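Numbering (our numbering), first residue to last: 112 to 250. For each residue, glycine too, the CB sits at the ideal point set by N, CA and C. Note that this is a predicted model, so its numbers are computed, not measured.
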C-alpha cells in the first residue's frame, strides 16, 4: 500500500513514529487525519484532496461521540461509515479524533484491528492536547 508519511504536520506536538509504521502496514488507506475536538487538523497523511471532507466528518464524529456518552450508552470508541466510493473509520482518542478514509472495496477489518495500537501510538499527542486544553480553560 502506498502511504505518504506524516510530513504535513500542522503542529510541533509530539507524535510517536510507531504511528507511521502502523499506517504503513494497512492496505487501502487513502487519507488519515488527527483532529482536535473542533476539527482543527493536527496531523495528516495521504491524499490532500480528501482533507476538507474528512475534516468535517471528524468534527461531526467528535460531537456525536460526546452526545453518545451523555445518553448513557457508554463511551464511543470508534465508528465506521460505509459510503458508495469509500469507508470512513473514526476512533476516539479524546480529546483528539483519528479519522481514516479508506478506498472502496478495501478490507476494513485489519484497520479496525489496528485501531487500539494506532490510538495508543497517538498518546503523546493526546496528552499534549489535553495539557493545552487544560491551560486554556484556566486562562
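Could you please give me the residues that DSSP links to residue i through a beta bridge?
{"i": "residue 185", "result": "According to DSSP, which records beta bridges pairwise, residue 185 is partnered with nothing at all."}
{"i": "residue 194", "result": "Paired residue(s): none; residue 194 is not in a bridge."}
{"i": "residue 214", "result": "197"}
{"i": "residue 168", "result": "In the DSSP output, where bridge partners are listed per residue, residue 168 has none listed."}
Helix, strand or coil: how does DSSP classify residue i here?
{"i": "residue 161", "result": "helix"}
{"i": "residue 203", "result": "strand"}
{"i": "residue 230", "result": "helix"}
{"i": "residue 248", "result": "helix"}
{"i": "residue 219", "result": "coil"}
{"i": "residue 137", "result": "coil"}
{"i": "residue 243", "result": "helix"}
{"i": "residue 236", "result": "helix"}
On a CA-only basis, which of the options is nearest residue i? Give me that one, please.
{"i": "residue 208", "options": "141, 132, 148", "result": "148"}
{"i": "residue 177", "options": "163, 232, 234, 202", "result": "202"}
{"i": "residue 218", "options": "188, 200, 206", "result": "200"}
{"i": "residue 154", "options": "195, 233, 215", "result": "233"}
{"i": "residue 192", "options": "248, 220, 186", "result": "220"}
Quick one: what's got a C-beta closer than 7 angstroms to residue i's C-beta in the same chain, skipping five residues either side?
{"i": "residue 244", "result": "206"}
{"i": "residue 166", "result": "144, 146, 150, 152"}
{"i": "residue 161", "result": "141, 142, 212"}
Near residue i, which residues of its chain fall below 6 angstroms by C-beta distance, leaving aside the five closest residues on each side in sequence?
{"i": "residue 157", "result": "115, 141, 142, 143"}
{"i": "residue 183", "result": "none"}
Can you list, in chain order, the residues of its chain whose CB lies under 8 angstroms from that of residue i, leaving out five sequence neighbours each side?
{"i": "residue 240", "result": "124, 147, 153, 206, 207"}
- Query: Counting Cβ pairs closer than 8 angstroms, one from the region 134-153 and one from the region 208-227, do we hit at least three?
  - Reply: Note that the region 134-153 touches the region 208-227; at least 3 beta-carbon pairs, one per stretch, sit closer than 8 angstroms.
- Query: With contact counted as at least three CB pairs below 8 angstroms, one residue from each stretch, are the region 129-138 and the region 216-235 in contact?
  - Reply: Short answer: they touch.
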